[in-house]
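Have a look at the structure below, then the notes.
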Amino acid sequence: FYPSQIGKYFVYSQKRNFILDIFEVKSNTIYVDSQCTLQDAIENSSEQIIKVINDFAITNIQYTIENAITLDLNSKTITSSSEPTCTVKNQSTIIGDGVIESSEKDNLFSISGSEGNLIIESGSFTAKNTIIDCQSGNVLIKGGYFESKINQSTMINKGDNGNVIIVEGTFN
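Laid out in structure tokens, this is it:
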């Protein structure tokens, strides 16, 4: 299910007779408040802003970004127990002063294919080991805070076909 018009949407379970999720679409921005609405927005958005409106946890879901999106963390926190949390296969930009963290798993982002482009403008990113694994594609870091809990030397892993440019940021 993907909304085609501006408005408020309710995901309803007929089996259990209650509302599973609520999200709202305003202009070019999709508002997400759970791992389910985030997954739906990532899978079905193209050149839209996905704005996080609540803190939430991601469990047993690995997101694959096939279309160009901007993820606005909006000062919210997303915790993950999936690895990698997100595979980027197209143009993706992360903005907002929020947090994406995964203390249990090794990788947050995997950049896949020559079309995979990740731009990080701000935010805080924490992983057990590697935050970004760029075997191919491009990563541009314009700002943000990055922390690896185990091994700072592999915080950003660049393969032979990957390109990583760091303009600004704090690495711990």
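Under the working numbering, the residue at position 144 of the sequence shown is numbered 129, and the numbers go up by one with no gaps.
Backbone N, C-alpha and C fix where the C-beta goes; we use that ideal spot for every residue, glycine too.
- A buried status is given to S87, since no fewer than 16 other beta-carbon atoms sit within 10 Å of its beta-carbon.
- S77 is bridged by DSSP to I54 and L103.
- For N102, the number of other beta carbons within 10 angstroms of its own is at least 16, and it is reported as buried.
- Setting aside the 5 residues that flank it on each side, D18 is surrounded in the same chain by I38 and N39, each with a C-beta closer than 6 Å to its C-beta; the list follows chain order.
- Going by C-alpha positions, Q20 is about 10 Å away from I27.
- The residue among D57, G147 and P69 with its C-alpha nearest the C-alpha of C119 is G147.
- The three-state reading of DSSP puts E86 in strand, counting E and B together.
- Beta-bridge analysis with DSSP links D118 to S95 and N142.
- Its chain contains I96, S97, G98, S99, G101, G144, N146 and G147 as the residues whose beta carbon lies nearer than 8 Å to that of S121, once the 5 sequence neighbours on both sides are disregarded; these appear in chain order.
- By the Cβ neighbour-count rule, S31 is exposed, with fewer than 16 other Cβ atoms within 10 Å of its own.
- Sequence-distant Cβ neighbours of E132 in its own chain, meaning closer than 7 Å and more than five residues away, are T111 and N157.
- With contacts defined by Cβ atoms closer than 9 Å, C71 and T49 form a contacting pair.
- Taking a C-beta distance under 9 Å as the contact criterion, I34 and L58 do not qualify as a contact pair.
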